[in-house]
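In the working numbering, the protein residues as written are 855 to 1049.
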Amino acid sequence: MNSEIDLLRDNILQCTKCDLAQTRDHVIFGEGRTDAGIMIVGEAPGRDEDIQGRPFVGRSGQLLDKILNACGFTRSEHVFISNIVKCRPPANRMPTPVEAEICMPWLLKQIELIDPKIMILLGATALRYMAGPDHRITSERGSWLILNNRLTMPVYHPAALLRDPLLKRDTWEDFKIIVHKYRELVDPKHYCRYV
Ligand code: SF4
């Protein structure tokens, strides 16, 4: 499987299929275990990610790491992190439906190869592009969805938590559910000091 992932990485890193290729510095393939039990999907790389070539390295990423660590998860051991689109939209705007549609096959191939037991969708944009335009993060966060036969949990995007810290309580409740499911499906001995 690793060679398939390596081939996929090579292809994604050379991709020029949509207009975002014109303005990016880096293509952000993703990061984490390529056989992770959990796959996390965000919206798009931002400025810090475009500079460094890694996903979720700005303030949102630091908050995501804090949440993961509170759950006993690390990027290197438990998760793979990617985005709906692999290149930064200019001025950190949302990816357009056309950009998301063009890039989506890359993400779907990543999901197929990594084959996570649990998917986490970060924020409204990831939810809408993965599940459909009628889905709403405010009403669906914290509930399991089945997308392409895969258990999927939408949660608020860390950027939303930075804008409105009151959302952190709900998000922690959502991640506690995820920890329990991880123990059920991936590792019954998973250690988390808080859950
Ligand atoms: S956003 Fe996706 S489809 Fe567009 S150039 Fe980057 S990798 Fe290719």
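Backbone N, C-alpha and C define an ideal beta-carbon position, used for all residues, glycine too.
Alpha-carbon spacing of residue i relative to residue j, whole angstroms
i: residue 1040; j: residue 916; result: 25 Å
i: residue 871; j: residue 959; result: 11 Å
i: residue 941; j: residue 880; result: 7 Å
i: residue 1033; j: residue 938; result: 24 Å
i: residue 1043; j: residue 952; result: 43 Å
i: residue 1020; j: residue 955; result: 33 Å
i: residue 1045; j: residue 1031; result: 14 Å
i: residue 1001; j: residue 985; result: 7 Å
i: residue 1026; j: residue 933; result: 17 Å
i: residue 999; j: residue 1012; result: 20 Å
i: residue 873; j: residue 924; result: 38 Å
i: residue 957; j: residue 935; result: 16 Å
i: residue 976; j: residue 1028; result: 12 Å
i: residue 1049; j: residue 927; result: 12 Å
i: residue 1004; j: residue 1018; result: 30 Å
i: residue 1047; j: residue 931; result: 17 Å
i: residue 978; j: residue 1008; result: 8 Å
Outcome for residue i when other beta-carbon atoms lying within 10 angstroms are tallied against a minimum of 16
i: residue 1023; result: exposed
i: residue 861; result: exposed
i: residue 949; result: buried
i: residue 983; result: buried
i: residue 1010; result: buried
i: residue 929; result: buried
i: residue 995; result: buried
i: residue 875; result: exposed
Beta-carbon proximity list for residue i, same chain, < 7 Å, skipping 5 on both sides
i: residue 963; result: 862
i: residue 878; result: 904, 941, 942
i: residue 1088; result: As displayed, the chain neither begins before 855 nor continues past 1049, which places residue 1088 out of reach and without an answer.
i: residue 913; result: 1016
i: residue 1036; result: 891, 892, 972, 1044
i: residue 902; result: 911, 912
i: residue 868; result: none
i: residue 997; result: none
i: residue 1014; result: 977, 1021
Own chain partners of residue i with C-beta closer than 8 Å, once the 5 adjacent residues on each side are dropped
i: residue 967; result: 855, 858, 859, 862, 888
i: residue 866; result: 881, 883, 940, 960
i: residue 993; result: none
Cβ-based neighbour list, residue i, same chain, cut-off 6 Å, excluding 5 preceding and 5 following
i: residue 971; result: 891, 1039, 1040
i: residue 900; result: 912, 946
i: residue 886; result: 929, 933, 934, 935
Are at least three pairs of beta-carbons, each pair with one atom in the region 916 to 928 and one in the region 937 to 945, less than 8 Å apart? Taking 8 Å as the limit for Cβ pairs, the verdict is that the region 937 to 945 does not touch the region 916 to 928.
Is it the case that the region 988 to 1005 contacts the region 899 to 916, given that we only count it when at least three CB pairs across the two stretches are under 8 Å? Under the Cβ criterion (8 Å, minimum of three pairs), the region 899 to 916 does not count as touching the region 988 to 1005.
Residues surrounding the ligand ATP [beta-carbon distance to nearest heavy atom under 7 Å]: Judged by which ligands are present, the ligand ATP is missing from the structure shown, whose ligands are the ligand SF4.
Whole runs of the alpha helix (DSSP H) within the region 869 to 913, excluding any shorter than 4 residues: 901 to 906
Can you list the beta strand (DSSP E) stretches of 3 or more residues lying completely in the region 960 to 1034, in chain order? 972 to 976, 999 to 1001, 1004 to 1009
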